[in-house]
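Residue numbers (my numbering): 554 to 766.
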């Protein structure tokens, strides 16, 4: 990895657990939306539903059912027949209202985009909604923190390469930090042969991992 390579943290990130949770919730609302509108369309007694699912509202349904029940009073039916007809339309209203509520609840929860074609109603923006609802703004200090970390990383790579090129014994960083922060101790280590190259390859995994990270 080159020192001068652009190293920019992203402006936004998504958390995996939120993607799973929120994405699942969006999919569930989309499924209920599709199922409710499909069921509403299948109710022959309604005589048809709005072409746009969002227009399948409580106001639309109430107006339709009220018109049907008002019409009953004009028909040449006995009182028991009229009562039975009203009960029928009350039952239709009750069933249809479940579907209308499901449609409107789904649209209120998320701005679903959809198409109603030959394959039926389909929601088209589930992935976009998931990404939009799971994004988190990365704080500005993150870039500064990352820059300092990468400066340490670059220095470590350079340090290990220097040791390798000069056949210097490689110690684990924790050991160097514990033993060699004092310049006199560092010099004594050198003079006493403590840094003479040995078969010890503790550094290898560390430097290779750093280079491949």
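Backbone N, C-alpha and C fix where the C-beta goes; we use that ideal spot for every residue, glycine too.
query                                                                                                                                     : result
For a minimum of 4 consecutive residues, which ranges assigned as the alpha helix (DSSP H) are wholly contained in the stretch 645-695?   : 679-687
With a CB to CB cut of under 6 Å and the five nearest residues on each side skipped, what residues in its chain are close to residue 666? : 677 and 678
Which two residues bound the contiguous beta strand (DSSP E) that contains residue 745?                                                   : Run containing residue 745: none; DSSP gives neither H nor E here.
Taking the alpha helix (DSSP H) that residue 615 belongs to, which residues open and close that run?                                      : 611-627
So is residue 687 buried or exposed if we call it buried at 16+ other beta carbons inside 10 Å?                                           : buried
Please report the distance separating the alpha-carbon of residue 581 from that of residue 614.                                           : 24 Å
What would DSSP say about residue 602, mapped onto helix, strand or coil?                                                                 : coil
Please report whether the beta-carbon of residue 704 lies at a distance below 9 Å from any beta-carbon of chain D.                        : Note that chain D does not occur in the displayed structure, where there is just one protein chain.
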